[in-house]
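If you read the sequences in order, they're chains Y and W. Residue numbering for the first sequence follows this note's numbering, beginning at 1 and increasing consecutively. Residue numbering for the second sequence follows this note's numbering, beginning at 149 and increasing consecutively. Report on the following structure.
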Amino acid sequence: MSEAKRARVPRRPRPGINRDNSFFWEGLKEDKLLIQRCQTCGELRHPPGPMCPHCHSLEWDTLKACGRGTIYSYVNLHHPAVPPFANPNPIGLIELEEGTRLVAGLLDIEADEVRIGQPVEVVFYREQEDDDHAIALFRVTDKSAEAA
Amino acid sequence: MSKKTLANQAAIVGIGATEFSKDSGRSEMQLAVECVTMALADAGIDPSEVDGLCTYTMDHNPEIEVHRLIGAKELTFFSRVHYGGGAACAPIHQAAMAIATGIADVVVCYRAMNERSNYRFGTGMQDTLPDPTFETAHYGWYIPHGLISPASWVAMSARRYMHETGATSEDFGRVSVASRDFAATNPAAFFYDKPITLEEHQNSRWIVDPLRLLDCCQESDGGVAIVLTSPERARDLKQKPVIVRGAAQGACDDQQMMTSYYRKEMSRLPEMGLVAKQLYQQSGITPEDIQTAVIYDHFTPFVLPQLEEFGFCDRGEAKDFVRDGHHARGGRLPINTHGGQLGEAYIHGLNGVAEAVRQVRGTSVNQVNNVEHALVTAGTGVPTSGLILGVDV
Ligand SMILES: [Zn+2]
Numbered sequence: 001m002s003e004a005k006r007a008r009v010p011r012r013p014r015p016g017i018n019r020d021n022s023f024f025w026e027g028l029k030e031d032k033l034l035i036q037r038c039q040t041c042g043e044l045r046h047p048p049g050p051m052c053p054h055c056h057s058l059e060w061d062t063l064k065a066c067g068r069g070t071i072y073s074y075v076n077l078h079h080p081a082v083p084p085f086a087n088p089n090p091i092g093l094i095e096l097e098e099g100t101r102l103v104a105g106l107l108d109i110e111a112d113e114v115r116i117g118q119p120v121e122v123v124f125y126r127e128q129e130d131d132d133h134a135i136a137l138f139r140v141t142d143k144s145a146e147a148a
Numbered sequence: 149m150s151k152k153t154l155a156n157q158a159a160i161v162g163i164g165a166t167e168f169s170k171d172s173g174r175s176e177m178q179l180a181v182e183c184v185t186m187a188l189a190d191a192g193i194d195p196s197e198v199d200g201l202c203t204y205t206m207d208h209n210p211e212i213e214v215h216r217l218i219g220a221k222e223l224t225f226f227s228r229v230h231y232g233g234g235a236a237c238a239p240i241h242q243a244a245m246a247i248a249t250g251i252a253d254v255v256v257c258y259r260a261m262n263e264r265s266n267y268r269f270g271t272g273m274q275d276t277l278p279d280p281t282f283e284t285a286h287y288g289w290y291i292p293h294g295l296i297s298p299a300s301w302v303a304m305s306a307r308r309y310m311h312e313t314g315a316t317s318e319d320f321g322r323v324s325v326a327s328r329d330f331a332a333t334n335p336a337a338f339f340y341d342k343p344i345t346l347e348e349h350q351n352s353r354w355i356v357d358p359l360r361l362l363d364c365c366q367e368s369d370g371g372v373a374i375v376l377t378s379p380e381r382a383r384d385l386k387q388k389p390v391i392v393r394g395a396a397q398g399a400c401d402d403q404q405m406m407t408s409y410y411r412k413e414m415s416r417l418p419e420m421g422l423v424a425k426q427l428y429q430q431s432g433i434t435p436e437d438i439q440t441a442v443i444y445d446h447f448t449p450f451v452l453p454q455l456e457e458f459g460f461c462d463r464g465e466a467k468d469f470v471r472d473g474h475h476a477r478g479g480r481l482p483i484n485t486h487g488g489q490l491g492e493a494y495i496h497g498l499n500g501v502a503e504a505v506r507q508v509r510g511t512s513v514n515q516v517n518n519v520e521h522a523l524v525t526a527g528t529g530v531p532t533s534g535l536i537l538g539v540d541v
């Protein structure tokens, strides 16, 4: 696709990538959902930051998440309608099996079918096939499931 | 424990406000100097005496420019508190500290914005972030997914609160209906003489499900200013002094800007609990001693957990409190008697401080009987603040 044509396609807003969070976005490019992990005490944390709030260690690595989780909360955004997002746009707060939570758009489900407690799995999403940038969306794997 | 306390160290002696509109037709600086000088006239203090000015972020009127334009001479205290509406009570907190410590004698707190005609927060963040500082990079966890507006950030918390407590959209509607009822009898309110029914609330369109249009505050142009000095001087001025019994800020564990989604318990407001704890400790009063409150209402859902954090009802029971109408006209704790930000105007909460002052003076258009103490809270879902104001005894 030419640069001129690409510029006319409404694009999702891009995150600001810096030294504290670049590992997350680099991981997504390789289809890996990474969680920051303290190398001293092992605590996982998201959103990431340079110090472990539990033990003050500055040493960290990452854990590759299994990609499964459940919907902890969600919204359906109607207004403002902003291309390229679906309208309404279902967005979940996902609790990963590893325990941390993150916000992500939901795929393959109608807004009025979303429920807290539904199981989800990660989808590595690129707006254009050749994008050098990916985000983690989630697909609901069992619409009948609901939190007790 | 230290005997030092902020209680009873400062008094509110003047309030001023422009009209509230959707297009003020003049500059924000003009709104600022209008409301500041109106508040000083209300107090009976000459502008040349102002030595302290305090506002909060998202206001674009520099303290020194306001000071210059009102013809004041020597400014010894100036500050601008972070986190927008969460800081609605924080300038009063700072002013009280400055007065208590002798840093300043006459402090004016102000907020003047053409929010509706110039900015429109409700349209959301749509651009790529230009400068990924730690603070701006925060939004990168949300905007690529379309979670781009203040309503959307609050809605995520509201859904979890509903799930855990059984509160419903109708309960949020009860907050809105009561506010619009007060606005309907407040000539200064944008929605003067325009009450709504619960049915109208339920039929209003989704903004971000579970938030409907009538759960969201207005967008407004306007300015409000509040003048403080010492209680001793206050007793010699024009108005009945309104004493700052307590003033506090609060931010808690894993605090985020609008998106504290990562705490073990997401449906509480621990930062507001921290504010409540400080206010009750400073003032030495209990919830039973408060006759009316201004509970920050940018979005209705967060009104409910605030009632819980301040101990007006138990955890998860605010829905029953509003179903019983305790928050409405004639209730046990009428809230937002000016009409709130849903009904009067969205001046980032400072118009609520002015209403609490009127309630303590006994001059509100929707006056509650025998007010000894009025509570004011600031923005929720963000680092926040609060006040307890009381009569001079
Ligand atoms: Zn650690």
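Glycine is no exception: its CB is placed at the ideal position from the N, C-alpha and C atoms. Just so it is clear, the structure is predicted and the values come from calculations on it, not from any experiment.
- Comparing C-alpha distances from T166 (chain W) to each of W:L179, W:L452, W:A158 and W:I536 shows the shortest one belongs to W:L179.
- An exposed status is given to N351 (chain W), since fewer than 16 other beta-carbon atoms sit within 10 Å of its beta-carbon.
- Boundaries around H521 (chain W) are those of the beta strand (DSSP E), H521 to T525, since no alpha helix (DSSP H) includes it.
- Selection W:E318, W:I163 and W:L217 evaluated against P449 (chain W) yields W:E318 as nearest (Cα-Cα).
- In its chain, beyond the 5 residues on either side, S324, V325, R328 and L362 have a beta carbon closer than 8 Å to the beta carbon of I344 (chain W).
- Secondary structure of P435 (chain W) (DSSP, three-state): helix.
- Secondary structure at C183 (chain W): helix, using DSSP grouped into helix, strand and coil.
- The Cβ neighbour count for T485 (chain W), taken over all protein chains shown within 10 Å, is at least 16; the residue is labelled buried.
- At least 9 Å separates the beta-carbon of V451 (chain W) from that of Y231 (chain W).
- Relative to the non-hydrogen atoms of ligand 1, the Cβ of G49 (chain Y) never comes closer than 8 Å to any of them.
- The DSSP assignment places complete alpha helix (DSSP H) segments of no fewer than 4 residues inside the stretch 209–271 of chain W at 211–217 and 238–248, in order along the chain.
- Looking at the DSSP output, P418 (chain W) sits in no beta bridge, so it has no partner there.
- Here DSSP, grouped into helix, strand and coil, assigns D357 (chain W) to strand.
- Taken through DSSP and simplified to helix, strand or coil, E347 (chain W) comes out as helix.
- Per the DSSP secondary-structure output, Y409 (chain W) pairs with nothing in a beta bridge.
- Below 8 Å, enough C-beta pairs join the stretch 304–321 of chain W and the stretch 463–477 of chain W to call them touching: three or more.
- Counted as a single uninterrupted DSSP element, the beta strand (DSSP E) harbouring L77 (chain Y) occupies residues R68 to L77.
- Between the C-alpha atoms of G162 (chain W) and P298 (chain W) there is a straight-line separation of about 32 Å.
- Closer than 9 Å to the CB of T313 (chain W) there is not a single CB belonging to chain Y.
- CA-to-CA, the gap between A441 (chain W) and D540 (chain W) works out to about 18 Å.
- DSSP places A395 (chain W) inside the beta strand (DSSP E), whose first and last residues are V390 to G398.
- Among the residues facing chain Y, F460 (chain W) is not included, as its CB has no counterpart in that chain under 9 Å away.
- About 6 Å separates the beta carbons of P358 (chain W) and A303 (chain W), which is inside the 8 Å limit, making them a contact pair.
- Of W:D402, W:H496, W:F269 and W:M245, the smallest CA-CA separation from H54 (chain Y) is found for W:D402.
- The chain-ordered list of residues whose CB is nearer than 6 Å to some heavy atom of ligand 1 reads Y:C38, Y:T40, Y:C41, Y:E43, Y:C52, Y:H54, Y:C55 and Y:S57.
- When secondary structure is reduced to three states using DSSP, Y204 (chain W) falls in the strand class.
- Residues of chain Y with a Cβ closer than 8 Å to the Cβ of T271 (chain W) are, in chain order, P80.
- Residue environment analysis places A81 (chain Y) among the exposed positions, since fewer than 16 neighbouring C-beta atoms fall within 10 angstroms of its C-beta.
- Counting only residues of its own chain and dropping the five nearest sequence neighbours on each side, S378 (chain W) has a CB closer than 8 Å to the CB of Q157, A158, A159, I247 and D253.
- CA-CA distance, P83 (chain Y) to F138 (chain Y), rounds to 19 Å.
- Around the C-beta of M51 (chain Y), fewer than 16 other C-beta atoms lie within 10 Å, and the residue is accordingly described as exposed.
- M273 (chain W) sits close to I296 (chain W), with the two beta carbons spaced by under 9 Å.
- DSSP places K64 (chain Y) within a strand segment (E or B) once states are collapsed to three.
- Cβ neighbours of L63 (chain Y) within its own chain (closer than 6 Å, five residues either side excluded): I35 and R37.
- When secondary structure is reduced to three states using DSSP, R37 (chain Y) falls in the strand class.
- Membership of T284 (chain W) in the alpha helix (DSSP H) is indicated by the continuous run F282 to A285.
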